Amino acid sequence: NPIKDTKKEHLMMPLQAKKNIENMFHTYLSSHYRQNIRLAINILNASTQYLESRYLSLFQSFESIILTHKEKNNTTFILCESEFKSLKQTIERVITKDVIKDSTTRGKIKNKLRELNRISLKDATQEFLKEHLIHTHDLWPLFNESDKLGLSEIRNIIIHGVIIPSNNLINIAVACEHLTIYLTRLILCLLGCDHRETIYSEEHLNFNSKVNDFAFWEHHRKSLTEALKTH
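Just so you know, the working numbering puts 59 at position 58 of the sequence shown, and the rest follows in order with no gaps.
Given below as structure tokens:
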């Protein structure tokens, strides 16, 4: 079974741990992400959740880190309020009864316009990963690629109440393991620790479990995409 319980392993070798733990603690105390780190550690160590609930908890923790990153860097919005107000008014003038006859439908579209000014989760995540030099090339992609489900699309499917067929729960379990690795690498980075010195390095995972082997997770991604392609 490629999915191993890493809780039974030391995060890093004792000598490395002794060297790093004090620095990590001081980094935590002064970190802008302190609350996010605490939440993530609690979720990563929880052991009594159902699979779907754990997946949502992990993603919520991941997303909270990205939200804090946007707030910290003042990148929540694409345009300033005055610029977007002008753009929004221009778009609203185009949405007339000549284009969309039903007034209720026009209203629903106009109510969604404000969302256009928010930086997408995908863009914000890519900025965060680039800024912090976090390696993710060995993992199941976070976002849709080549019409194959990303981890964020799986989250959307679960949160909207789609029942996952029992024969596909193994695929969700693999995705959940990858989400765990993502979150752990993020937390290690925010604590000033290089994940390559831990059991969450690309080499250690590949050697010990193969969970990050492309052929392994790509098989599960294809299988899950096929099963849920109508959602």
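All C-beta atoms in this analysis are idealised placements derived from N, C-alpha and C, irrespective of residue type, glycine included. These numbers come from a predicted model, not from an experiment.
Which value, in whole angstroms, describes the spacing of the CA atoms of residue i and residue j?
i	j	result
His-161	Ile-22	40 Å
Lys-131	Thr-69	16 Å
Leu-225	Ala-41	26 Å
Pro-142	Lys-86	35 Å
Leu-114	Arg-107	11 Å
Ser-104	Thr-185	48 Å
Arg-197	Tyr-51	30 Å
Phe-60	Phe-144	13 Å
Pro-166	Leu-57	17 Å
Asn-65	Leu-206	Strictly speaking, residue 65 in this sequence is Ser, with Asn absent from that position. If you take the alpha carbons of Ser-65 and Leu-206, they lie about 26 Å apart.
Thr-97	Glu-84	22 Å
Thr-91	Ile-79	17 Å
Val-163	Lys-102	33 Å
Asn-2	Ala-216	Summary for Asn-2: the model assigns pLDDT 47, below 50, so the residue's position carries little reliability, and this model does not support an answer.
Trp-218	Val-95	45 Å
Tyr-29	Glu-53	29 Å
Asn-24	Glu-82	40 Å
Phe-26	Ser-202	21 Å
Ser-210	Glu-204	10 Å
Ser-31	Glu-227	45 Å
Roughly how far, in whole angstroms, is the beta-carbon of residue i from the beta-carbon of residue j, given that I think they are within contact range, below 8 Å?
i	j	result
Asp-139	Asn-213	4 Å
Arg-35	Thr-77	In fact, because the Cβ distance is near 20 Å, the residues do not count as touching under 8 Å.
Leu-12	Ile-188	Not really, about 11 Å apart at Cβ, beyond 8 Å.
His-133	Lys-73	That pair is no contact at about 12 Å.
Leu-150	Leu-180	Not quite, the Cβ-Cβ distance comes to about 13 Å (not below 8 Å), so this is no contact.
Leu-122	Ile-67	6 Å
Leu-192	Ile-38	7 Å
Cys-190	Ile-135	5 Å
Looking at the ligand HEM, does it come within less than 6 Å of residue i, judged from the CB to the closest heavy atom?
i	result
Asn-207	Among the components modelled here there is no ligand, and therefore nothing to report on the ligand HEM.
Using only alpha-carbon positions, find the residue among the options that is nearest to residue i.
i	options	result
Ile-159	Ile-173, Ser-147, Lys-149, Thr-91	Ile-173
Lys-71	Arg-186, Ser-153, Gln-127	Gln-127
Ile-110	Asn-168, Glu-93, Asp-124	Glu-93
Leu-229	Phe-217, Arg-156, Ser-54	Arg-156
Ser-147	Lys-223, Lys-123, Arg-39	Lys-223
Ser-62	Tyr-183, Ile-96, Leu-80	Tyr-183
Lys-20	Glu-227, Glu-53, Asp-195, Asn-209	Asp-195
Arg-55	His-220, Gly-193, Val-175	Val-175
Asn-112	Cys-190, Glu-53, Lys-89, Phe-129	Lys-89
His-220	Asn-169, His-136, Asp-124, Leu-30	Asn-169
Ala-125	Phe-26, Ile-171, Asn-75	Asn-75
Would you list the one or two residues that DSSP bridges to residue i?
i	result
Phe-78	Arg-119
Glu-146	Lys-149
Run through the region 83-140 for me and flag every whole alpha helix (DSSP H) of 4 or more residues, listed as ranges in chain order. 104-113, 122-133
What are the uninterrupted segments assigned as alpha helix (DSSP H) that are 4 or more residues long and contained completely in the region 172-212, given in chain order? 203-209
Unbroken alpha helix (DSSP H) runs of length 4 or more, entirely within the region 44-73: which are they? 52-73
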